[in-house]
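Numbering (this note's numbering), first residue to last: 35 to 242.
To keep things clear, I will list the structure first and then write my remarks on it.
Encoded structure:
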C-alpha cells in the first residue's frame, strides 16, 4: 500500500511538473500582431506598454524587474508609457524626462509605489516636479527635460505606437514586433515571455 501511494505521489508530481512547463499556446498565452511592426534593434526587442497608475502593471513590475536583471544578452527591454487619454500624458513626459537625465532607474520603483501604495495622483507638472525633487532629482533640470522641444515628438511617437501595436490595455508586452502577451497573471506573463523569446530566437535563426 505504501509503495502504491508513493508511486501515485510521484506520478501526480510529474503531471503537475509537466503542466507547469507546457508549451505556450497561440490564442491562449499570446497572440500575433497583425500587421507585425518593424523593430529598431539587432537584439530581440521586448516592449512593455505600461502606466504607473495601473495596478496590474505594478504587480507585474517586480517579477519583470527580477527577470530583467538576468535577461539574455540578445534581448532588449524598452518601456513605452501608454497614453489612452490626455490625463496620462504627464506620466509619459515624466518617464521620458527621467530617461533623458539618466534618472529613470532611480525613480521607476518610487513612481509605481506613489501611485499604487501611497495613492499619490501625479497628474500635473507641479506635483510631479515636487515628487522628483523629494526623490533626489534636480527640479530645474527635470522641468527643462519635461518641457523640452523634443518631448512633443516622443509623446507623439508613444501615442502612435499605441495605435500601431493595437494596445487596448496595460500591461502589454510585445516581442519582436510580432508576439503579444497580455491579460495573464504576473508569473505567467514572465513564463510566457521566456518561451516567446525562445520562439523569436528560433524564428530569427531560421531567416539566416
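All C-beta atoms in this analysis are idealised placements derived from N, C-alpha and C, irrespective of residue type, glycine included.
* Segment limits, beta strand (DSSP E) that includes residue 115 -> Boundaries of the beta strand (DSSP E) harbouring residue 115: 109-115, taken from the DSSP string.
* Asked: Would residue 230 pass as a contact of residue 114 if the rule is Cβ separation under 9 Å?
  -> No; because the gap between Cβ atoms is not below 9 Å, this pair is not in contact.
* To do: Measure the Cβ-Cβ separation of residue 72 and residue 240 and say whether it is below 9 Å.
  => Taking 9 Å as the Cβ cut-off, residue 72 and residue 240 do not qualify as a contacting pair.
* To do: Measure the beta-carbon distance from residue 82 to residue 207 and round it to whole angstroms, keeping in mind my assumption that it falls under 8 Å.
  => Contact flag correct, Cβ pair sits at about 6 Å.
* By a C-beta neighbour count over all protein chains shown, 10 Å radius and 16 as the cutoff for buried, is residue 227 buried or exposed? -> So residue 227 counts as buried.
* To which residues of the same chain is residue 158 closer than 7 Å at the C-beta, ignoring the five residues directly before and after it? -> The beta carbon of residue 158 is closer than 7 Å to those of 124 in its chain, skipping five residues each way along the sequence.
* Provide the residue(s) that pair with residue 166 in DSSP beta bridges, ordered along the chain. => According to the DSSP secondary-structure assignment, residue 166 is paired through a beta bridge with no residue.
* Determine the DSSP secondary structure at residue 204, reduced to helix, strand or coil. => Three-state result, residue 204: coil.
* Span of the beta strand (DSSP E) holding residue 80? -> Segment 78-84, the beta strand (DSSP E) holding residue 80.
* Coil, strand or helix - residue 215 by DSSP -> Residue 215: strand per DSSP, three-state reduction.
* To do: Would you decide whether residue 174 is buried or exposed? Buried here means 16 or more other CB atoms lie within 10 Å of its CB.
  => The residue is exposed, with fewer than 16 neighbouring Cβ atoms inside 10 Å.
* When the distance is taken between beta carbons, is residue 145 closer than 9 Å to residue 118? -> Contact flag unset, no.
* Nearest-angstrom Cα separation, counted from residue 185 out to residue 177 -> Taking C-alpha positions only, residue 177 is separated from residue 185 by approximately 11 Å.
* To do: Below 6 Å CB to CB, which residues in the same chain sit around residue 137 once its five sequence neighbours on both sides are set aside?
  => If the five residues before and after residue 137 are omitted, its C-beta is found closer than 6 Å to the C-beta atoms of 171, all from its own chain and listed in chain order.
* In three-state DSSP terms, what is residue 130? -> Looking at residue 130 - three-state DSSP - the assignment turns out to be helix.
* Compute the Euclidean distance between the alpha carbons of residue 182 and residue 85, then round it to the nearest angstrom. => One C-alpha to the other measures close to 21 Å.
* Residues that residue 65 bridges to, as DSSP identifies them -> In the DSSP secondary-structure assignment, residue 65 is bridged to 214.
* Rounded C-beta distance between residue 154 and residue 128? I'm assuming under 8 Å. -> Actually they are not in contact, since the Cβ atoms of residue 154 and residue 128 sit about 13 Å apart, beyond 8 Å.
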